[in-house]
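Notes for the one structure printed next.
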Amino acid sequence: MLRMYDLIQKKQNGYALSEEELTFFVKGVTDGSIPDYQISALLMAIFFKGLTEEETTVFTECLADSGERADLSAIKGKKVDKHSTGGVGDKTSLIVAPMVAATNMGVYVAKMSGRGLGHTGGTIDKLESIPGVNTNQSREDFLRIVNEIGLCIGQSSCFAPADKKLYALRDVTATVNCLPLIASSVMSKKLAAGSDCIVLDVKCGSGAFVKTVKEATELADLMVKIGTRAGKKTVALITNMDVPLGRNVGNSLEVIEAIDVLDGQGDKDLTELCITLAANMLYIANAADYDECVRAVTKTLHDGSAKKKLADLVAALGGNSDYIYNPSLFKESKISAIIAADRSGYIYKMDTELIGVAAAVLGAGRMTKESPIDHRAGITFHHTVGDYVNEGEAIATIYTSNISKAQNGMELIFNAVKISDKKPEPKKLIYKTIGGKF
Numbered sequence: 101m102l103r104m105y106d107l108i109q110k111k112q113n114g115y116a117l118s119e120e121e122l123t124f125f126v127k128g129v130t131d132g133s134i135p136d137y138q139i140s141a142l143l144m145a146i147f148f149k150g151l152t153e154e155e156t157t158v159f160t161e162c163l164a165d166s167g168e169r170a171d172l173s174a175i176k177g178k179k180v181d182k183h184s185t186g187g188v189g190d191k192t193s194l195i196v197a198p199m200v201a202a203t204n205m206g207v208y209v210a211k212m213s214g215r216g217l218g219h220t221g222g223t224i225d226k227l228e229s230i231p232g233v234n235t236n237q238s239r240e241d242f243l244r245i246v247n248e249i250g251l252c253i254g255q256s257s258c259f260a261p262a263d264k265k266l267y268a269l270r271d272v273t274a275t276v277n278c279l280p281l282i283a284s285s286v287m288s289k290k291l292a293a294g295s296d297c298i299v300l301d302v303k304c305g306s307g308a309f310v311k312t313v314k315e316a317t318e319l320a321d322l323m324v325k326i327g328t329r330a331g332k333k334t335v336a337l338i339t340n341m342d343v344p345l346g347r348n349v350g351n352s353l354e355v356i357e358a359i360d361v362l363d364g365q366g367d368k369d370l371t372e373l374c375i376t377l378a379a380n381m382l383y384i385a386n387a388a389d390y391d392e393c394v395r396a397v398t399k400t401l402h403d404g405s406a407k408k409k410l411a412d413l414v415a416a417l418g419g420n421s422d423y424i425y426n427p428s429l430f431k432e433s434k435i436s437a438i439i440a441a442d443r444s445g446y447i448y449k450m451d452t453e454l455i456g457v458a459a460a461v462l463g464a465g466r467m468t469k470e471s472p473i474d475h476r477a478g479i480t481f482h483h484t485v486g487d488y489v490n491e492g493e494a495i496a497t498i499y500t501s502n503i504s505k506a507q508n509g510m511e512l513i514f515n516a517v518k519i520s521d522k523k524p525e526p527k528k529l530i531y532k533t534i535g536g537k538f
């Protein structure tokens, strides 16, 4: 008879847990038969002693099996998914999914996404800033939409419920930053979502959960191995999150910026990353060689086909697609304010995590899962790292609903942006890939 006491002690002593023991643990988490204090004790033991690759793979499969596994066999063609490990201003899913679908190369995007929490934004919140959008579609409607327009973005709440409980406990026991637990959390939901191929965007830097390229490489390598061993073709890109991605942070603001990219007029770095991610999604699905995939997705930004796919998705989800063709329909917040440079010089550094917190304070994100969200709130940056600014020049504009939030958000952003006489060395947008191309 298995006992949690024995599992905890075994892991504390540095021994690997068997498949039977990991299955027992996840089952107990799922059905509530294991108390939170014992779950937390094992999580802490894993935090300090780690998991082997074999343990991590088995643990991930157990988490994936704790809830539904999507059956995407009714979708024609290759199914490809894309996941970001979380960042600030990351609206790439709203761009790359329409780009891939618009190429008409037999690759379909059946993407399950989540809501934002803390300093990172969620794709579902961004989509729901468009009036009428309902991402809580039935399984039949989700599959129908994918088949009809080539993509759909829905909610992932039914997948890996054991991971949901584990993450809540990790969040309050300081065990979030553990590579095997991060990898199993991400990949359990990706495996349950049912796509044939997975492209991972592993964020690295001040605005990411992992701060160094070394740590990001270890995480990416582990997730690729888990996906591959589960029979999913998986690649990872390690990308820069030392600055916000693009110029807008906040839900409707990020939708507007996504539309700019789909018009072929978006931020240079954001556009480059989206082209690379979309091309890898096609490439991993064997649609064509990589250079042809790059040409195909780039074309969709210039002929309007990707923008039309986003409009089609919005309409299919019950939303008003006029907002995609006329972003001026988005209403502005009641209060806006400009943050100006306090001295002349180069923007040397941006504390991206602090900027994400500022956006949440302004109302664009949640500090708890129950917090309400203000879809209009956020930040628009007029300059980024490496830009020269004069004293008094506008660095950013904030948007919010009340004065108190504005004051708190402004203080955080002011502390996050550092100006120096020295111009910083430029950093790469994409550091490396594991199995992918750029």
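Take the position in the sequence shown, starting the count at 1, then add 100; the result is the number in the working numbering. Positions of the beta carbon are idealized from the N, C-alpha and C atoms, including for glycine.
Considering just the uninterrupted stretch of the alpha helix (DSSP H) at Tyr390, what are its terminal residues? Run containing Tyr390: 390-402, per the alpha helix (DSSP H) assignment.
Can you pull the DSSP bridge partners for Tyr208? DSSP lists Lys179 as the bridge partner or partners of Tyr208.
Using DSSP bridges, identify the partner residues of Asn340. Cys304
May I ask which residues mark the beginning and end of the alpha helix (DSSP H) holding Lys408? Annotation for Lys408: the continuous alpha helix (DSSP H) segment containing it runs 405-416.
Cutoff 8 Å; reference Glu155; Cβ partners in own chain excluding five residues on either side: Exclusion of the five residues before and after Glu155 leaves Ala116, Leu117, Leu122, Pro280 as the residues of its chain whose Cβ lies within less than 8 Å of its Cβ.
Between Ser288 and Ala260, is the Cβ-Cβ spacing less than 7 Å? yes
Does the region 238-254 come within contact of the region 188-201, defined as at least 3 CB pairs closer than 8 Å? yes
Using 8 Å as the cut-off, can you tell me whether the region 170-178 makes contact with the region 340-360, which would need three or more C-beta pairs spanning the two stretches below that distance? no
Using a 10 Å radius around the Cβ and a threshold of 16 neighbouring Cβ atoms, would you call Thr452 buried or exposed? buried
If we count the other Cβ atoms within 10 Å of its Cβ and call it buried at 16 or more, is Lys182 buried or exposed? The residue is buried, with at least 16 neighbouring Cβ atoms inside 10 Å.
Pick from Met212, Met144, Gly486, Leu142 that is closest to Lys290, judged by C-alpha positions: Met212
If we count Cβ pairs, one from each stretch, closer than 8 Å, do we get three or more for the region 365-380 versus the region 519-526? Contact between the region 365-380 and the region 519-526 is not established, with fewer than three Cβ pairs separated by less than 8 Å.
Any idea what DSSP makes of Asn348, helix, strand or coil? strand
Bridge partner(s) assigned by DSSP for Val276: In DSSP, Val276 forms no bridge with anything.
In or out: Phe481 buried (at least 16 other Cβ within 10 Å) or exposed? buried
Give the single residue among Thr497, Val188, Ser504 whose Cα lies nearest to the Cα of Ser436. Thr497
Around the C-beta of Pro198, are 16 or more other C-beta atoms found within 10 angstroms, so that it is buried, or is it exposed? buried
Just mark Ile503 as buried or exposed, buried being the case when its beta carbon has 16 or more other beta carbons within 10 Å. exposed
State buried or exposed for Val238, treating a residue as buried only when at least 16 other CB atoms are found within 10 Å of its CB. According to the sequence provided, residue 238 is Ser. The question's Val does not apply to it. Ser238 comes out exposed.
Per DSSP, Ile438 forms a beta bridge with which residues? Looking at the DSSP assignment, Ile438 forms a beta bridge with Thr497.
Would a C-beta distance cut-off of 7 Å place Ala316 and Val302 closer than the cut-off? yes
N- and C-terminal bounds of the beta strand (DSSP E) containing Lys449: 445-450
Suppose contacts are defined by Cβ-Cβ distances below 7 Å. Is Ile108 in contact with Thr339 by that definition? no
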